[in-house]
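In the numbering used here, the protein residues as written are 608 to 654.
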């Protein structure tokens, strides 16, 4: 009998909608993604 790993990989889609590189929302999403990576080391952040 073959065993299949059905565990889904966690993914985070990071969307920066501001055209300004130094915008508050870009800093906020970057910090969120950083913390998310710490809590999901096997996860993937898609930018």
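A virtual CB, placed ideally from N, CA and C, is assigned to each residue, including glycine.
Query raised in the report: Quick one: what's residue 727 bridged to in DSSP?
Result: This structure does not reach residue 727, given that the chain is present from 608 up to 654, and the question cannot be answered.
Requested in this report: State the Cα-Cα distance for the pair residue 638 and residue 654, rounded to the nearest angstrom.
Outcome: For the purposes of this step, residue 638 is taken as the residue at position 31 of the chain shown. For the purposes of this step, residue 654 is taken as the residue at position 47 of the chain shown. Going from the Cα of residue 638 to the Cα of residue 654 covers about 14 Å.
Requested in this report: Report the rounded CA-to-CA distance for residue 641 versus residue 651, giving the unit in angstroms.
Outcome: In the chain shown, the residue the question calls residue 641 occupies position 34. In the chain shown, the residue the question calls residue 651 occupies position 44. Going from the Cα of residue 641 to the Cα of residue 651 covers about 11 Å.
Report task. On a CA-only basis, which of 616, 618, 636, 619 is nearest residue 625? Give me that one, please. Result -> Taking the first residue of the chain shown as 1, we reach residue 625 at position 18. Checking every option, the nearest Cα to that of residue 625 belongs to 636.
Query - Cα-Cα separation between residue 630 and residue 620, rounded to whole angstroms - result: Sequence index remark: in the chain shown, residue 630 carries index 23 (1-based). Sequence index remark: in the chain shown, residue 620 carries index 13 (1-based). Between residue 630 and residue 620, the C-alpha separation is close to 18 Å.
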